[in-house]
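For reference, the structure discussed in these notes is given below.
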Amino acid sequence: MKEEYGSMGHPHTPTPLKHMHYFEYKNNILYSEEVPIEKIVEAVGTPVYIYSRRTLIRHYRAFDSAFQEVPHIVCFAMKANSNLAVLKVLADEGSGADIVSGGELYRCLKVGIPASKIVFSGVGKTRKEIEEALQAGILSFNVESPQELAFIDRIAGELNRKAPISPRINPDVDPKTHPYISTGLRENKFGISMSVALDMLKSIKDYPNIQVVGVSSHIGSQITKIQPFLDALEKLLSFVEEVRNMGLDIKYMDIGGGLGIRYRDESPPHPRELGEVLVPRMKKAPYTFIFEPGRVIVGNAGILVTRVLYDKVNEGKHFKIVDVAMNDLVRPSLYGSYHEIIPVVKRERPLIKADVVGPICESGDFMAKNRELPDVQPGELLALMSAGAYGFVMSSNYNSRPRVPEVLVDGDSFYIVRRRERYEDLIAGEEIPEFRKV
Ligand code: LLP
Numbered sequence: 004m005k006e007e008y009g010s011m012g013h014p015h016t017p018t019p020l021k022h023m024h025y026f027e028y029k030n031n032i033l034y035s036e037e038v039p040i041e042k043i044v045e046a047v048g049t050p051v052y053i054y055s056r057r058t059l060i061r062h063y064r065a066f067d068s069a070f071q072e073v074p075h076i077v078c079f080a081m082k083a084n085s086n087l088a089v090l091k092v093l094a095d096e097g098s099g100a101d102i103v104s105g106g107e108l109y110r111c112l113k114v115g116i117p118a119s120k121i122v123f124s125g126v127g128k129t130r131k132e133i134e135e136a137l138q139a140g141i142l143s144f145n146v147e148s149p150q151e152l153a154f155i156d157r158i159a160g161e162l163n164r165k166a167p168i169s170p171r172i173n174p175d176v177d178p179k180t181h182p183y184i185s186t187g188l189r190e191n192k193f194g195i196s197m198s199v200a201l202d203m204l205k206s207i208k209d210y211p212n213i214q215v216v217g218v219s220s221h222i223g224s225q226i227t228k229i230q231p232f233l234d235a236l237e238k239l240l241s242f243v244e245e246v247r248n249m250g251l252d253i254k255y256m257d258i259g260g261g262l263g264i265r266y267r268d269e270s271p272p273h274p275r276e277l278g279e280v281l282v283p284r285m286k287k288a289p290y291t292f293i294f295e296p297g298r299v300i301v302g303n304a305g306i307l308v309t310r311v312l313y314d315k316v317n318e319g320k321h322f323k324i325v326d327v328a329m330n331d332l333v334r335p336s337l338y339g340s341y342h343e344i345i346p347v348v349k350r351e352r353p354l355i356k357a358d359v360v361g362p363i364c365e366s367g368d369f370m371a372k373n374r375e376l377p378d379v380q381p382g383e384l385l386a387l388m389s390a391g392a393y394g395f396v397m398s399s400n401y402n403s404r405p406r407v408p409e410v411l412v413d414g415d416s417f418y419i420v421r422r423r424e425r426y427e428d429l430i431a432g433e434e435i436p437e438f439r440k441v
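Using my numbering, read the sequence shown as starting at 4 and increasing by one per residue.
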């Protein structure tokens with residue numbers, strides 16, 4: 004297994020660690036930390052998401068220490084994985100959170116992430132969400148339009164509060180990633196162009212309940228190059244200069260998330276490498292830097308385990324039908340993304356080329372197309388790797404499939420941190436009205 008997170012600690016004295024994550028074979032049997040995957044499956048069945056606490060901690064620390072030489076706050080982008088136990092692991096490491104909804108705020112407060120480390124992003128914050136965030140006393144609203152600014156000002160006035168805000172600047176930088184997850188281009192719906200933001204800030208006196216505390220940006224996700232981050236940082240730094248010249252006291256500079264991970268053969272920079280390029284530039288600026296990493300913290304800290312149900316060959320085309328489907332992990336269907344698929348028990352067997360597909364009634368329901376993999380048989384277990392980010396959180400009940408459990412491994416123990424949904428959960432909240440006779 005490639006050492007992606009090969010070192011931690013001080014950037015110049017790397018301490019090599021053996022693994023990028025703690026999912027590995029011991030005597031041809033896949034383990035998470037010290038727990039055989041089969042043991043978890045015996046307890047909870049399949050499909051199941053499995054996270055490794057040790058990996059989460061390791062990734063968090065790798066990221067955090069990469070920026071240790073500048074004042075900073077890591078606000079984990081919890082949209083990537085918002086399970087309470089995962090959040091608690093990160094909260095205990097000192098993480099803050101980047102939230103995009105009232106529901107995410109609720110989860111943060113449940114696990115004790117201090118409001119003073121929470122930033123609120125997103126183009127469509129509602130009145131209820133703004134009120135809740137003001138009441139909680141969050142660090143900053145990353146404001147995405149002049150109308151939103153006016154709305155927050157009004158609500159803050161009603162609640163007799165001062166709202167801390169950071170305009171989210173759209174730096175018009177191409178992150179060179181999948182179009183669905185690129186956010187920092189002019190054509191994307193996110194952020195405010197620099198000229199509109201400047202105009203907005205020039206009239207900030209008209210908004211008595213607003214306090215500008217920072218500026219923010221986020222250019223995209225699964226970014227595998229350093230240059231787009233550097234370009235965005237430079238643009239942000241020169242923008243802030245102009246803002247400070249207007250007499251505004253900017254404390255925070257939020258450069259968003261987006262650092263990519265290895266799914267297949269990508270070679271994204273290690274957080275330390277990103278730090279080595281950005282930190283010298285950051286050191287010259289008098290700000291506290293905020294980061295919103297999501298995927299890089301949790302992506303490789305989770306897998307999704309499935310069982311092969313059937314094997315089918317149609318006119319020479321081979322299908323492995325598994326019990327996991329697009330409702331459980333939508334990334335392959337939605338983005339055509341690649342998740343490595345490996346057997347939970349390694350045996351000698353021929354390689355075949357097959358589509359790995361789920362039980363949902365859509366042709367788009369696949370985990371892999373034309374994938375070369377060992378000829379695993381019905382009843383055997385497969386692991387979909389790198390499923391810790393945007394996995395469970397994007398799952399749904401489509402086809403009335405109960406959502407799958409989540410398990411957190413910690414050394415030689417494991418915890419069911421979300422139980423498998425039951426049929427009753429599927430219909431909870433639904434009601435059949437007393438229809439009038441027709
Ligand atoms: N901050 C903001 C404002 C964001 O919109 C996002 C992600 C992040 C931070 C975290 O980005 P990360 O470090 O995880 O790349 N569902 C897609 C990814 C969508 C990303 C949306 N925004 C996927 O499965 O690839």
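Think of the CB as a built atom: it goes at the ideal place given N, C-alpha and C, for glycine as much as any other residue.
CB of residue i to nearest heavy atom of ligand 1: below 7 Å?
i, result
"residue 397", "yes"
"residue 331", "no"
"residue 299", "yes"
"residue 150", "no"
"residue 283", "no"
"residue 276", "no"
"residue 262", "yes"
"residue 82", "yes"
"residue 362", "no"
"residue 225", "yes"
"residue 178", "no"
"residue 75", "no"
"residue 259", "yes"
"residue 423", "no"
"residue 273", "no"
"residue 342", "no"
"residue 231", "no"
"residue 334", "yes"
Among residues of its own chain, excluding the 5 on either side of residue i, which ones have a beta-carbon nearer than 7 Å to its beta-carbon?
i, result
"residue 359", "323, 325, 344, 369, 370, 371, 374"
"residue 85", "107, 110, 396"
"residue 208", "none"
Report the option in the options whose CA atom is closest to the CA atom of residue i.
i, options, result
"residue 255", "354, 121, 88", "121"
"residue 249", "271, 202, 192, 294", "202"
"residue 405", "392, 422, 261", "422"
"residue 391", "177, 305, 382", "305"
"residue 416", "29, 40, 133, 277", "40"
"residue 310", "35, 99, 44", "44"
"residue 112", "126, 340, 68, 90", "90"
"residue 160", "240, 252, 73, 130", "130"
"residue 104", "76, 134, 284", "134"
"residue 61", "213, 180, 171, 95", "95"
When you compare only the Cα positions, how much space is there between residue i and residue j?
i, j, result
"residue 332", "residue 215", "39 Å"
"residue 367", "residue 300", "28 Å"
"residue 419", "residue 432", "24 Å"
"residue 302", "residue 412", "15 Å"
"residue 290", "residue 88", "32 Å"
"residue 115", "residue 357", "46 Å"
"residue 141", "residue 315", "54 Å"
"residue 194", "residue 399", "28 Å"
"residue 393", "residue 338", "12 Å"
"residue 229", "residue 35", "31 Å"
"residue 14", "residue 206", "Note that residue 14 scores 40 on pLDDT, short of 50, meaning its location in the model is unreliable; the coordinates nonetheless yield the value given after this. Taking the straight line from one Cα to the other gives about 43 Å."
"residue 149", "residue 42", "54 Å"
"residue 17", "residue 273", "With a pLDDT of only 43 at residue 17, under the threshold of 50, the placement of this residue in the model should not be trusted, and no figure is reported."
"residue 172", "residue 239", "8 Å"
"residue 46", "residue 410", "10 Å"
With a cut-off of 8 Å on the beta carbons, I'd call residue i and residue j a contact; round off their distance for me.
i, j, result
"residue 385", "residue 441", "Contact doesn't hold; Cβ gap of about 50 Å is too wide."
"residue 407", "residue 52", "6 Å"
"residue 77", "residue 98", "5 Å"
"residue 137", "residue 168", "The Cβ separation is near 11 Å, so there is no contact."
"residue 259", "residue 219", "7 Å"
"residue 217", "residue 143", "6 Å"
Spatial neighbours of residue i within its chain, please: C-beta separation below 8 Å, excluding the five flanking residues on both sides.
i, result
"residue 402", "328, 330, 362, 363, 364"
"residue 350", "31, 377"
"residue 427", "none"
Return the chain-ordered list of same chain residues with a C-beta closer than 6 Å to the C-beta of residue i, the five sequence neighbours on each side being excluded.
i, result
"residue 8", "Summary for residue 8: the model assigns pLDDT 40, below 50, so the residue's position carries little reliability; its value from the coordinates is reported in the next sentence. So the qualifying residues of the chain are 23, 65."
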